[in-house]
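Everything on this sheet refers to the single structure shown next.
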Amino acid sequence: MTVQVLFFGATADTIGQRRVDFELPPNSIASQIFEQLVAEYPSLAKHRLHYSVNQQYATGNETLTDGDEIAIFAAVSGG
Amino acid sequence: MDFFELTTEPISIESVARRVVPPECGATVTLDGYARQYTKDKATGEVRETEYLEYEAYEPMALKEMEKLIEAAKSQFEISNVGIVHRVGRLEIGETSVVISVAAPHRRAAFEACEWIIKELKRTVPIWKKEVYAGGEHWVEGDASA
Chain P
11 MTVQVLFFGA TADTIGQRRV DFELPPNSIA SQIFEQLVAE YPSLAKHRLH YSVNQQYATG
71 NETLTDGDEI AIFAAVSGG
Chain C
762 MDFFELTTEP ISIESVARRV VPPECGATVT LDGYARQYTK DKATGEVRET EYLEYEAYEP
822 MALKEMEKLI EAAKSQFEIS NVGIVHRVGR LEIGETSVVI SVAAPHRRAA FEACEWIIKE
882 LKRTVPIWKK EVYAGGEHWV EGDASA
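Set out below in structure tokens:
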């Protein structure tokens, strides 16, 4: 299955992209994406990261389905 | 009526404040948050002069979170209407980044709700601020976890 992973702010700068399509085995969970990314970009781990799945805050334990929209971002700083 | 918006254009504070007012209300509290020139680094205590700010939003999720905040505020406080407008893109020093207007029959609830909403917005709404200063820039990371 394919999921779309979005990055913003600090995570977009670290990854060097704002959107990556990920191929994952069926029944993967959101945190598997994070583990793969940290292996490739170790400096990601220095941020306090949050996940969302389909534009809702998530814990990382959610089982993903084809076409899901995931975002991985540092603690927000609006206002 | 309630409203929540993101915009790349300068925000008119008065137009936000006036849009929330229904006939049963007697007070509107409006927060005008704007780009600060001098920021003290929390870790080092060093004061840095910001040249400008860049705000970025995960727009569809930011709007959903703003809507949730308004619903939550209305269930906790005796208020009638809430308007939230957050700017994104480049902001010069002194320009308004966020306006929150809360209209209520009585002022106390409006003050309390406005304070609660900005605190929650800074914790949960997916918007990020980059400070650009002489010799560098950095994405600000929030204090609290969502």
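For the record, the sequence lines run as chains P and C. Under my numbering, the residues of the first sequence are numbered 11 to 89, in order. Under my numbering, the residues of the second sequence are numbered 762 to 907, in order. Glycine included, every Cβ here is placed at the ideal spot set by N, Cα and C. This one's a predicted model, so the numbers in the text were calculated from it and none came from an experiment.
(request) Starting from the N-terminal side, write out each stretch of the beta strand (DSSP E) that is 3 residues or longer and does not extend beyond the region 835-896 of chain C. (result) Within the region 835-896 of chain C, the complete beta strand (DSSP E) segments of 3 residues or longer fall at 842-848, 850-853, 857-865 and 888-894, listed in chain order.
(message) Please tell me whether C/LYS803 has its Cβ less than 8 Å away from any Cβ of chain P.
(response) Put simply, the CB of C/LYS803 is far from chain P, with every gap to its CB atoms at 8 Å or more.
(request) Check C/ALA804 in the structure and name its three-state DSSP category. (result) Reduced to three states, the DSSP call for C/ALA804 is coil.
(request) In angstroms with no decimal places, state the Cα-to-Cα distance between P/ASN37 and C/ASP802. (result) Approximately 43 Å, taken between the alpha carbons.
(request) Closer than 6 Å by C-beta to P/ASN71: which residues in its own chain qualify, once you throw out the five before and the five after it? Chain order, please. (result) Leaving aside the five residues that flank P/ASN71 on each side, the residues in its chain whose CB is nearer than 6 Å to its CB run, in chain order, ILE39.
(message) Given a cut-off of 8 Å on the beta-carbon distance, is the pair P/PHE18 and C/TYR819 in contact?
(response) P/PHE18 is a Cβ neighbour of C/TYR819, given a cutoff of 8 Å.
(request) State yes or no: is the beta carbon of C/MET822 nearer than 8 Å to at least one beta carbon in chain P? (result) At least one chain P Cβ lies under 8 Å of C/MET822.
(request) Closer than 9 Å by beta-carbon distance: list the chain P residues that pair up with C/LYS883, in chain order. (result) Close partners of C/LYS883 in chain P (Cβ separation under 9 Å): VAL86, SER87, GLY88 and GLY89.
(request) Between the Cα of P/LYS56 and those of P/THR12, P/PRO35, P/THR75 and P/LEU47, spot the shortest distance and give me the residue it belongs to. (result) For the residues P/THR12, P/PRO35, P/THR75 and P/LEU47, the minimum Cα distance to P/LYS56 belongs to P/LEU47.
(message) With a threshold of 8 Å between beta carbons, is P/ARG29 in contact with chain C?
(response) Chain C contact via Cβ: absent.
(request) Confirm, please, whether the CB-CB distance from C/LYS883 to C/VAL901 is below 8 Å. (result) Cβ distance not < 8 Å, so C/VAL901 and C/LYS883 don't count as in contact.
(message) I'd like to know if P/SER62 contacts chain C, where contact means its C-beta is closer than 8 Å to some C-beta of that chain.
(response) Yes, because at least one Cβ of chain C sits closer than 8 Å to the Cβ of P/SER62.
(request) May I ask which residues mark the beginning and end of the alpha helix (DSSP H) holding C/ARG779? (result) Its alpha helix (DSSP H) spans residues 774-780.
(message) Less than 8 Å between the beta carbons of P/GLU79 and P/GLN66, yes or no?
(response) Not in contact: P/GLU79 and P/GLN66 (Cβ atoms no closer than 8 Å).
(request) Under 8 Å by Cβ, that's how I've got C/ILE888 and C/VAL843 pegged, so tell me the actual separation to the nearest angstrom. (result) About 17 Å separates the Cβ atoms of C/ILE888 and C/VAL843, ruling out a contact at the 8 Å cut-off.
(request) Kindly say whether P/ALA68, judged by its beta-carbon, lies nearer than 8 Å to any beta-carbon of chain C. (result) Chain C, which has no Cβ nearer than 8 Å to the Cβ of P/ALA68, makes this no.
(message) I'd like to check one pair, C/SER862 with C/VAL777: are the Cβ atoms closer than 8 Å?
(response) Going by C-beta atoms, C/VAL777 is nearer than 8 Å to C/SER862.
(message) Please tell me whether P/PHE18 has its Cβ less than 8 Å away from any Cβ of chain C.
(response) A Cβ of chain C is located within less than 8 Å of the beta carbon of P/PHE18.
(message) Going by DSSP in three states, C/GLU902 sits in which element: helix, strand or coil?
(response) Of the three classes helix, strand and coil, the one that applies to C/GLU902 here is coil, per DSSP.
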